[in-house]
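S.K.: Pasting a structure below so you can have a look.
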Amino acid sequence: MTTLATRTETTATGADLHLSGITKRFSSFVAVKDLDLVVPSGTFFALLGPSGCGKSTTLRMIAGLEAPSEGSISIGGQDVTALASHQRPVNTVFQSYALFPHMSVLENVAFGLKRKKDKQAMEKARAGLDLVELGHLANRKPIQLSGGQQQRVALARALVNRPQVLLLDEPLGALDMKLRRQMQLELKNIQTEVGLTFIHVTHDQEEAMTMADVVAVMNGGRIEQMGPPRELYELPKTAFVANFLGKSNLMRGTVSGNDAGMLSVMVNGQAILLPADRAVQASGEVVVGVRPEKITISREGYAGENRLSGTVVDVSFTGTTTEYLVEVDGIGTLGTFTQNRGQQPAAEGDTVYLSWEAQHSFGLAGAEHEDAGVDQP
Amino acid sequence: MKQKIGRWFIPAVGGLAFIYLLVPIAYIFVFSFNDAGRTNLDWRGFTLENWQNPCGAPAVCESLAHSLQVGTVATIAATALGTLIAIGLVRYKFRFRKLTDVLIILPLATPEVVLGASLLAQFLNLGWELGYATIVIAHIVFCMSFVIVTVRARVSSLDPRLEEAAADLYASPRAAFWKVTFPLLLPGIVAAALLSFAMSFDDFIITNFNSGTFQTFPKFIYVAATRGIPAQANVIGSAMFILALLVVVIGQVISYRKKKQLENS
Amino acid sequence: MTVMTKKGIVDLRSPEEIRAERRKGRTGVYLIAPGMLVLALFFALPVVVLLAMSLYVKPEGGEIGEFVPGFEIGNYATVLAAYWPELLRSFGFALIATVLALLIGFPMAYLVAVRLREKTLLQGILLVLLIAPFFSSFILRTQAWKQILADEGFIAQTLKFLAILPADGHLTATPFAVVAGLTYNFLPFMVLPIYANLGRLDTRLLEASGDLYASPMTSFFKVTLPMSAPGVFAGTLLTFIPAAGDYVNAALLGNNRNTTMIGQIIDSRFFKVIDYPGASALSFVLMVSILVLVTIYIRRFGTKELM
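Right, dumping it as structure tokens:
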């Protein structure tokens, strides 16, 4: 009981979350492997990965809904590994919202406060509903609300408890695109306002990048790479991250020279420049990558240090941009796109010149598989 | 043409079937006003006397009281035991699951006469005297399987995330059960209890095997049938029917109103 | 699901599926133990006792009702030789009653579940009318039928006047009356499961079927009926099983010549003739034959949803 009381007073800014050596096995299946993770207080943290990567299991272990097979979890310096879910200073916004169908919206929001014997449960719940702008629907039953409204109730129900860590399990997954974008902004605003530590699990890379301060990309029960969204996007360290977070053109080659920190990689007889500090390894077989929007496509000539030419095999117009697939002999198909400014740089069947700045190349280990993370849900 | 046939065929056949279902009840109701005397076979004139004095005929009310008693006790026991089993079976792992499943389903696949006969054999063997206790036991057994099947369906359809959400919101396992699980199972449990009571109240065959001289309402009528059923039995049959009808209709109207209210709010 | 590969056993289930697995632990045992104990002591054990009693023998010179434990399989031969017609008749009557109840019950269930879906109040009232008869005592209702169909009653007189029924014909005390009584009494057991199933029927499927050139008749047989199959399946079992063992209808609406059902025999063997082994043997035969029939039925038409 004392932990509950002290918790409420010290939660204004959230607390650091430490996972150390967390492993979770389900009979013979290993969902999470030896995971170490520190989420600093007040961070909006996103766990991003395809379904089955272990992100939801990680979240459930933090919530106390699942016990780790190995390792420990601590929140604000206190080891909570052995605590049951209802004893942890953590609240969750569930994927399906999990609103109690037999209670009114207000009763749903007040549920946690009442369990904590908060004397002002009802007042706080009303304030929580006002925060998500649903004060006028307090007496409705969840089933009478739209998906977006239910989502906000679920958020309010978790937020009013002022948890040290707020967990969000694909909270926007059931909403349509437009509502989703709107809720992303609202969630981000609320997090900035209340200053709590948010851990957001999602498989939508765009959502993760828009909202989070720090993104961890998970795959096969491990964290592949972690960092601010821009860093992850500009400098992926594995093929999985390169492909799952946005799109990448990946080409396999061998390092043939190193000129003052600029590697020269031979890809089927053509040299591609790659800064050594942007490469995971500086010798032997490597995979060179470049993001599609970094490539300039032209019928006239080259505009960057790395140069390839090929034939346009597919053009698709998407409104703001036009996407091209270009077949380069001996290397494969590269993708790129141009902003739609009224010009039409190339048509199907045209021979075109592709080029990009050396500083936009990134290098992955030769052992990587170029298709890792492509088209993963 | 076919469309039209389809349109009236279903309501016509369904409607006729409902009339078929209700004809004997109407007959029972009408003959509850019969100035019958000893046998209530022919119409001898209208009277309110039977309704004013439903306990007038010997043993009618006594047997009714017995049936209500047995029904209440058996329903409470069967509902409690059956609900526990339903929750246990859905939520927990067992080694002898096949065996428990068979033990639950088999009573439903056994005709009443066999259930009654086997229990009678058991009681004879144990040397127990037949009466109130043996009837209650017999009714618990045959009601329990119905309760388990009904409540189990409800437990299986319950979203386990709701209980997780409760735990996440600081509810201890006990609080989660009473605040979330139980209220959500309640409609299923109530339905099972009503079904149990109806089946127990109306049971004749199993009761007949295990009651000895203990009289229940169906038994009273069965025995009376050979020499004429008193009109008071019709009064009780009609009253119970009307009562059941009223209870459910009032419940329906209340929930209908609530729904309307919520829709307007 | 697990599969063997070169690397060993791989679990193909998603974590969610694995999580849905049931919990282990003592609590479960505590939950089911009391009820299971009741079922074991007062259902399983009695069946075993019944089996034992069916093999008892009457000692030489013993009194009526005196039997000693034995292993007289001949008891079965004796009762089967004497009562096979009643056994067959019981199944025959139950089968006809089940088919009739299905023919009458399906339109009722369809009417309430689908046609009146939007009319909540009327739907509710009809549902109540399906359940409420339980409270007016089925023996009272059966007795009412007996009087309604009596020789001097309005219906019999009218049928005789229209020469549909011969002048010396009867409606009661006939196989017709017994089957009608069985159909009537178990009708709600047929309607309610079908109702529960049709209640979930998505009527848009019928529109889709109509849109794909199916006539209403075809839609019914290709969409509605298959989708309500689990309800029909449960309903037929819930009607057939009690009907086969019933003796109230045969006793009240039948005669002593060609309507006697097996339940009546078991009852009189127990209480009038005091032949416990014979009655037990017949009960056991009835139980086993129903189980065999039901198993064949489940194998042939069964769905998982029943259990």
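Protein chains in written order, with our numbering: chain A, 19 to 395; chain B, 102 to 366; chain C, -1 to 305. Think of the CB as a built atom: it goes at the ideal place given N, C-alpha and C, for glycine as much as any other residue.
How about ALA107 of chain C and ILE239 of chain C: do their beta carbons lie closer than 8 Å?
M.R.: Mapped onto the third sequence, residue 107 of chain C falls at position 109. Mapped onto the third sequence, residue 239 of chain C falls at position 241. Not a contact, by the Cβ cut-off of 8 Å.
S.K.: Which same chain residues, not among the five before or five after LEU221 of chain B, have their C-beta less than 7 Å away from its C-beta?
M.R.: Translated into positions along the second sequence, residue 221 of chain B becomes position 120. Excluding positions up to five away in sequence, the list reads PHE310, ASN311.
S.K.: For LEU263 of chain B, return the contacting residues in chain A, with the cut-off set at a CB-CB distance below 7 Å.
M.R.: Counting from 1 along the second sequence, the entry for residue 263 of chain B is found at position 162. Chain A residues near LEU263 of chain B: ALA116, PHE118.
S.K.: Where do the N-terminal and C-terminal ends of the alpha helix (DSSP H) with PHE62 of chain A fall, by residue?
M.R.: Residue mapping note: residue 62 of chain A aligns to position 44 of the first sequence, counting from 1. From DSSP, PHE62 of chain A is part of no alpha helix (DSSP H) but of the beta strand (DSSP E) over 62 to 66.
S.K.: Find out if the Cβ-Cβ distance for the pair ALA116 of chain A, GLU265 of chain B is shorter than 8 Å.
M.R.: For the purposes of this step, residue 116 of chain A is identified with residue 98 of the first sequence, where counting begins at 1. For the purposes of this step, residue 265 of chain B is identified with residue 164 of the second sequence, where counting begins at 1. Their beta carbons are under 8 Å apart, which means ALA116 of chain A touches GLU265 of chain B by this criterion.
S.K.: Short check: CB of VAL344 of chain A to CB of THR329 of chain A, under 8 Å?
M.R.: Working through the first sequence from its first residue, we reach residue 344 of chain A at position 326. Working through the first sequence from its first residue, we reach residue 329 of chain A at position 311. Closer than 8 Å, so yes.
S.K.: Please classify TYR81 of chain C: does DSSP put it in a helix, a strand, or coil?
M.R.: Here residue 81 of chain C refers to the residue found at position 83 of the third sequence. It is helical.
S.K.: Rounding to the nearest angstrom, what Cα-Cα distance links SER88 of chain C and ALA242 of chain C in this structure?
M.R.: Position 90 of the third sequence, counted from the first residue, corresponds to residue 88 of chain C. Position 244 of the third sequence, counted from the first residue, corresponds to residue 242 of chain C. Looking at the two C-alpha atoms, the distance is approximately 5 Å.
S.K.: Mapping DSSP to helix, strand and coil, what is VAL324 of chain B?
M.R.: Position 223 of the second sequence holds residue 324 of chain B. Here VAL324 of chain B sits in helix by DSSP.
S.K.: By the 10 Å Cβ neighbour count, where 16 or more other Cβ atoms means buried, how is ALA99 of chain C classified, buried or exposed?
M.R.: Working through the third sequence from its first residue, we reach residue 99 of chain C at position 101. So ALA99 of chain C ends up on the buried side.
S.K.: Let me make sure I understand the geometry here. Which of A:VAL331, A:ASP389, A:VAL392 has the alpha-carbon closest to that of VAL369 of chain A?
M.R.: Counting from one through the first sequence, the residue named residue 369 of chain A turns up at place 351. Val is not the amino acid found at residue 369 of chain A; the sequence shown has Thr there. It is A:VAL331 whose Cα lies nearest to the Cα of THR369 of chain A.
S.K.: At a Cβ cut of 9 Å, what residues of the stretch 75 to 105 of chain A count as close to chain B, listed as they run along the chain?
M.R.: Cβ contacts with chain B: ARG78, ALA81, GLY82, LEU83, ALA102, SER103, HIS104, GLN105.
S.K.: Bridge partners for ALA279 of chain C per DSSP, in chain order?
M.R.: One-based indexing of the third sequence puts residue 279 of chain C at position 281. None, per the DSSP bridge assignment.
S.K.: So ALA222 of chain B is in the alpha helix (DSSP H); what residue range does that whole segment cover?
M.R.: Counting from one through the second sequence, the residue named residue 222 of chain B turns up at place 121. Here the alpha helix (DSSP H) through ALA222 of chain B covers 213 to 227.
S.K.: With a threshold of 8 Å, are at least 3 pairs of Cβ atoms found where one atom belongs to the stretch 52 to 69 of chain A and the other to the stretch 96 to 114 of chain A?
M.R.: The stretch 52 to 69 of chain A, when compared against the stretch 96 to 114 of chain A, does not touch it at the 8 Å Cβ threshold.
S.K.: Go ahead and label ILE71 of chain C buried or exposed: buried means 16 or more other beta carbons lie within 10 angstroms of its beta carbon, across all protein chains shown.
M.R.: Walking along the third sequence from the start, residue 71 of chain C turns up at place 73. ILE71 of chain C comes out exposed.
S.K.: Assign THR180 of chain B to one of two classes, buried (16 or more other C-beta atoms within 10 Å of its C-beta) or exposed (fewer than that).
M.R.: On the second sequence, residue 180 of chain B is found 79 positions in, with the first residue counted as 1. Buried: at least 16 other Cβ atoms inside 10 Å.
S.K.: Given 7 Å as the limit, tell me if VAL150 of chain A has its C-beta closer than that to any heavy atom belonging to the ligand MN.
M.R.: This structure does not include the ligand MN; it has no bound ligands of any sort.
S.K.: Going by DSSP in three states, ASP347 of chain A sits in which element: helix, strand or coil?
M.R.: Against the first sequence, residue 347 of chain A aligns to sequence position 329. Note: ASP347 of chain A maps to coil in three-state DSSP.
S.K.: If we define contact as Cβ-Cβ less than 8 Å, is LYS142 of chain A a contact residue for chain B?
M.R.: Within the first sequence, the letter at position 124 stands for residue 142 of chain A. No, because no Cβ of chain B sits closer than 8 Å to the Cβ of LYS142 of chain A.
S.K.: Taking a cut of 7 Å between CB atoms, which residues from the stretch 250 to 278 of chain B lie near chain C?
M.R.: So nothing in the stretch comes that close.
S.K.: Assuming TYR233 of chain B is part of the alpha helix (DSSP H), what are its boundary residues?
M.R.: Here residue 233 of chain B is taken as the residue at index 132 of the second sequence, counted from 1. Its alpha helix (DSSP H) spans residues 233 to 257.
S.K.: Does ASP136 of chain B get closer than 8 Å to chain C when you measure Cβ to Cβ?
M.R.: To locate residue 136 of chain B, count along the second sequence from 1; it is residue 35. No, ASP136 of chain B does not count as interfacial toward chain C.
S.K.: For the stretch 144 to 154 of chain B and the stretch 196 to 215 of chain B, state whether three or more C-beta atom pairs, one from each stretch, are separated by less than 8 Å.
M.R.: Judged by Cβ distances under 8 Å, the stretch 144 to 154 of chain B makes no contact with the stretch 196 to 215 of chain B, as fewer than three pairs qualify.
S.K.: Per DSSP, PHE355 of chain A is paired with what?
M.R.: Position 337 of the first sequence, counted from the first residue, corresponds to residue 355 of chain A. Beta-bridge pairing links PHE355 of chain A to A:GLU341.
S.K.: I want to verify the contact list: residues of chain A whose CB lies under 7 Å from the CB of VAL191 of chain B, in sequence order.
M.R.: For the purposes of this step, residue 191 of chain B is identified with residue 90 of the second sequence, where counting begins at 1. Chain A residues near VAL191 of chain B: none, gap ~18 Å exceeds 7 Å.
S.K.: Any C-beta of chain A sitting closer than 8 Å to the C-beta of PRO208 of chain B?
M.R.: On the second sequence, residue 208 of chain B is found 107 positions in, with the first residue counted as 1. Chain A, which has no Cβ nearer than 8 Å to the Cβ of PRO208 of chain B, makes this no.
S.K.: When the Cα atoms are used, what is the spatial distance from ALA160 of chain B to TYR323 of chain B?
M.R.: Locating residue 160 of chain B in the second sequence gives position 59, counting from the first residue. Locating residue 323 of chain B in the second sequence gives position 222, counting from the first residue. Those two C-alpha atoms are separated by around 13 Å.
S.K.: With DSSP collapsed to three states, give me the class of THR24 of chain A.
M.R.: Numbered from its first residue, the first sequence carries residue 24 of chain A at position 6. Because the pLDDT of THR24 of chain A is 36, which lies under 50, any placement of that residue in the model is unreliable, and the number read from its coordinates should be weighed accordingly. It is helical.
S.K.: Does the count of Cβ pairs from the stretch 144 to 161 of chain C and the stretch 220 to 229 of chain C closer than 8 Å reach three?
M.R.: Cβ pair count under 8 Å is below three, so no.
S.K.: With distances taken from CA atoms, which of A:GLY94, A:ASP52, A:PHE62 is nearest LEU35 of chain A?
M.R.: Translated into positions along the first sequence, residue 35 of chain A becomes position 17. Among A:GLY94, A:ASP52, A:PHE62, the Cα nearest to that of LEU35 of chain A belongs to A:GLY94.
S.K.: Going by DSSP in three states, MET(-1) of chain C sits in which element: helix, strand or coil?
M.R.: Residue -1 of chain C sits at position 1 when you count from the first residue of the third sequence. Confidence is the limiting factor: at MET(-1) of chain C the pLDDT is only 35, short of 50, which leaves the residue's position unreliable and the question unanswerable from this model.
S.K.: For VAL97 of chain C and ILE355 of chain B, what's the separation of their Cα atoms in angstroms?
M.R.: Looking up residue 97 of chain C in the third sequence gives position 99. Looking up residue 355 of chain B in the second sequence gives position 254. Between VAL97 of chain C and ILE355 of chain B, the C-alpha separation is close to 38 Å.
S.K.: Determine the direct distance from the alpha carbon of THR234 of chain C to that of LEU142 of chain B, and round the result to whole angstroms.
M.R.: As a first step, residue 142 of chain B must be located in the second sequence, where it is residue number 41. As a first step, residue 234 of chain C must be located in the third sequence, where it is residue number 236. Distance between the alpha carbons of LEU142 of chain B and THR234 of chain C: 34 Å.
S.K.: If you compare alpha carbons, which of A:GLN182, A:LYS51, A:PHE216, A:ARG180 is closest to PRO189 of chain A?
M.R.: Position 171 of the first sequence, counted from the first residue, corresponds to residue 189 of chain A. The residue with the shortest Cα to Cα distance from PRO189 of chain A is A:PHE216.
S.K.: Please work out which residues of its chain come closer than 8 Å, Cβ to Cβ, to ASP303 of chain B, disregarding the five sequence neighbours upstream and downstream, and give them in chain order.
M.R.: As a working mapping, residue 303 of chain B is identified with position 202 in the second sequence. Same-chain partners within the cutoff: PRO319.
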